[in-house]
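With positions in the sequence shown counted from 1, the corresponding number in this note's numbering is that position plus 222. Worksheet for the structure shown next.
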Amino acid sequence: MAMDKDLDKKEDNLDILKEKYDELKVKYDLPEFYELNKLFDIEDVDTETDFLLRRIRRVITERIAGYSRFVDVILNPSNAPVFFFNLIKKIDNGKKQAITEVYEILGNLEMEIIILDLDYSEKKEAEFIKKVIDLFDKRIKKDLLEVVKSLGAVSLDDKKETSRSYFG
């Protein structure tokens, strides 16, 4: 019974979120809720706020920070778990260049995030959300997918070869 109430409450919150988002979508020409939710899991954003776009942007910010950390591990593996060293060897120069460019884009977005945190403007929040969706659709998603797919899984042969060369 308690689970049913929780589920109903979650569905009610999602409906309210969609309604409030749709108003802002019309006002600022934002992307469809479904597209934003598909990329950034915004459906759990609390609707009891005067700053809905800021809350949505903060969910997006968490995803950007996660991708940024992942790319940082690939480009600067000195503190990476050992598992990543075998994977990183598989990245060719073309993919390394693409991921470096993505890293720069993510870094620039993180700088914009700081500005938005310090100087709130609903219009600027909306512009940032549109910009991020555009960058993810045209560049970030594609490049990250290519790199991650090229990394693949480490085979047992790779592990044996690494362990032999490491231990002599």
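Every residue, glycine too, gets a C-beta built ideally from N, C-alpha and C.
Just to confirm, is the Cβ distance from I282 to I351 under 8 Å?
For this step, residue 282 is matched to residue 60 along the sequence shown. For this step, residue 351 is matched to residue 129 along the sequence shown. Going by C-beta atoms, I282 is nearer than 8 Å to I351.
Would you tell me roughly how many angstroms separate the C-alpha atoms of Y289 and D234, rounded to the nearest one?
Translated into the one-based positions of the sequence shown, residue 289 becomes position 67. Translated into the one-based positions of the sequence shown, residue 234 becomes position 12. Distance from the CA of Y289 to the CA of D234, rounded to the nearest whole angstrom, comes to 31 Å.
Between V295, D263, P299, which lies nearest to E284 when the distance is taken from Cα to Cα?
Here residue 284 refers to the residue found at position 62 when the sequence shown is read from its first residue. With distances taken between Cα atoms, E284 lies closest to D263.
Taking 8 Å as the cut-off, decide whether the C-beta atoms of L252 and A320 are in contact.
Working through the sequence shown from its first residue, we reach residue 252 at position 30. Working through the sequence shown from its first residue, we reach residue 320 at position 98. Not a contact, by the Cβ cut-off of 8 Å.
How is N212 classed by DSSP in three states: helix, strand or coil?
Here the chain covers residues 223 to 390 and nothing more, so residue 212 does not appear.
List, from N- to C-terminal side, the alpha helix (DSSP H) runs of 4 residues or more that fit wholly inside the segment 282-354.
304-310, 315-340
Between V304 and L331, is the Cβ-Cβ spacing less than 8 Å?
Translated into the one-based positions of the sequence shown, residue 304 becomes position 82. Translated into the one-based positions of the sequence shown, residue 331 becomes position 109. Contact flag unset, no.
Taking just the CA atoms, how far does I278 sit from E368?
Mapped onto the sequence shown, residue 368 falls at position 146. Mapped onto the sequence shown, residue 278 falls at position 56. In a straight line, the C-alpha of E368 is about 27 Å away from that of I278.
Contained alpha helix (DSSP H) runs [length at least 4] in the segment 251-276, N- to C-terminal order
255-262
Can you tell me the Cα-Cα spacing of T269 and K240, whole angstroms?
Counting from 1 along the sequence shown, the entry for residue 269 is found at position 47. Counting from 1 along the sequence shown, the entry for residue 240 is found at position 18. Those two C-alpha atoms are separated by around 9 Å.
Using a Cβ-Cβ cutoff of less than 7 Å, which residues in the same chain neighbour L275 once the five nearest sequence positions on both sides are dropped?
Taking the sequence shown and counting its residues from 1, the one referred to as residue 275 is at position 53. Correct list, in chain order: L246, E344, E347, A348, I351.
Since K312 and L373 are thought to touch, with beta carbons under 8 Å apart, how far apart are those beta carbons, to the nearest angstrom?
By 1-based counting over the sequence shown, the position of residue 312 is 90. By 1-based counting over the sequence shown, the position of residue 373 is 151. Confirmed, Cβ separation roughly 6 Å.
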